[in-house]
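For reference, the structure is listed below as structure tokens.
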Amino acid sequence: MERQYQAMDRRTFLSRAGGLGFLMLSGVGAGVNGEDAQAVEGVWILASDTHVPADRSEAYRGFRPYEHFATVAQQFQQVPAQGCIITGDLARLQGLEGDYENLFELARPVADRFPLYLCLGNHDDRGNILKHLESAQGRASVSGKLVYSTKSNGVRFLMLDSLLSPNLTPGLLGKNQRTWLRSVLEEDPDSPTVLFFHHTLGDGDGDLLDGDRLFALVAEFPQVKAMVYGHSHTYSVTERAGVQLINLPAVGYNFNDADAIGWVLARFSPTGVDLTLKTIAGNREAHDEVRTVRWA
Ligand SMILES: [Zn+2]
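Counting from 1, position 71 in the sequence shown corresponds to residue 254 in my numbering; the numbering is continuous, with no gaps.
Take a look at the structure:
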């Protein structure tokens with residue numbers, strides 16, 4: 184790789200930037216102008232299913248995912264957020280190198296401003312994306328998986344990896360990752376905790392295959408308050424066994440005209456999260472609708 188890209192942390196990004204002019208100009212400038220100071224504690228950008236293609240003109244159902252991601256990446260610049268989490272299906276279908284080149288080019292100003300956590304979906308390729316994530320901040324050591332943890336406004340975030348195999352629909356956390364999850368939940372039983380990953384939690388063949396095992400595990404740890412995921416390209420907030428389930432809309436395209444295309448502005452606190460829907464296409468009737476989720 185000619186150009187090393189550090190997508191996770193601006194400070195690391197800058198310290199590694201050395202003589203690269205564009206990084207010093209955009210990165211340091213942002214800090215000096217006080218953009219960081221505007222970040223509101225607990226405010227995060229939540230997005231999913233960007234499906235950025237190698238071919239910028241590629242369209243699906245009349246939507247152009249490259250342009251959609253370019254649009255939201257611009258919008259993310261205006262938000263007083265502490266960071267951004269994208270819950271997988273970053274790439275169009277197979278996780279091609281060209282998909283990620285476009286994704287990271289568009290995401291660079293976002294990652295330059297605050298931490299950007301990228302979960303993997305069934306249309307991602309772990310090997311290809313890792314070429315762009317040489318030293319991801321907060322990355323946990325789970326063999327063969329891309330997993331992170333962080334904390335914001337008293338809420339612990341655990342970003343999990345449910346990619347089973349590129350372009351194969353179902354997902355799997357796997358025993359290793361569930362064992363790691365158990366150990367980190369045992370370490371910190373007091374912080375309200377939110378899990379982020381790609382796959383939906385139904386009992387279909389394309390859902391998270393070890394979803395029931397995940398729920399059996401989480402049942403032992405009442406600090407797990409919510410799970411946030413994508414995959415369905417449909418926005419919904421439901422509940423299962425006392426856990427709030429937040430299914431994010433897609434950025435790339437919808438599968439049904441009734442579904443919004445966009446992202447969610449979230450404000451986390453120890454007692455819940457307020458979700459504001461930001462639409463860019465599809466059904467925009469619920470634009471700016473706020474959903475209040477309380478878990479305490
Ligand atoms: Zn998707």
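Cβ atoms here follow ideal geometry from the backbone N, Cα and C, with glycine treated the same way.
Note that this is a predicted model, so its numbers are computed, not measured.
For K314 and A443, the gap between their C-alpha atoms comes out near 32 Å. R467 is positioned such that its CB atom lies no closer than 8 Å to that of V420.
Taking 8 Å as the cut-off, the Cβ atoms of P349 and D308 count as close. Here A399 is not near I429, since their CB atoms are 8 Å or more apart. Taken in chain order, the complete alpha helix (DSSP H) segments of 4 or more residues contained in the segment 276-335 are 280-296 and 309-313.
The Cβ-Cβ distance between H381 and D282 does not fall below 8 Å. By the 16-neighbour rule on beta-carbons within 10 angstroms, Q257 is exposed.
With contacts defined as CB atoms closer than 8 Å, P353 and D395 fail to qualify as a contacting pair. Here DSSP, grouped into helix, strand and coil, assigns D373 to coil. In the three-state reduction of the DSSP assignment, R339 falls in the strand class, which pools E and B. Under DSSP, A464 forms a beta bridge with I444. If the five residues before and after L279 are omitted, its C-beta is found closer than 8 Å to the C-beta atoms of A237, D308 and N311, all from its own chain and listed in chain order. Residue environment: A242 is assigned as exposed (fewer than 16 neighbouring CB atoms within 10 Å of its CB, all protein chains considered). Beta bridge pairing from DSSP links R477 with G455.
Not one heavy atom of ligand 1 lies closer than 7 Å to the C-beta of H251. Put simply, the backbone Cα of V325 is about 25 Å away from that of E284.
Between the beta-carbon of A222 and that of Q265 there is about 5 Å, and that keeps the pair under the 8 Å contact cut. Pairing A464 with E224, the inter-Cα distance amounts to about 29 Å. Residue side-chain check: H414 places its Cβ nearer than 7 Å to a non-hydrogen atom of ligand 1. The DSSP-derived three-state label of E250 is helix. By the CB criterion at 8 Å, P453 and G337 fall inside the cutoff. Closest in alpha carbon position to G304, among G413, A253, E250 and E472, is G413.
With 16 or more neighbouring CB atoms inside 10 Å of its own CB, F246 falls in the buried class. Taking 3 residues as the minimum length, the beta strand (DSSP E) runs contained wholly in the segment 375-452 are 376-379, 407-412, 419-423, 426-430 and 443-452, in order along the chain. At least one heavy atom of ligand 1 falls within 7 Å of the beta-carbon of D272.
Distances taken from the Cβ of H382 to the heavy atoms of ligand 1 include none shorter than 7 Å. Here V255 carries a helix assignment [DSSP, helix/strand/coil].
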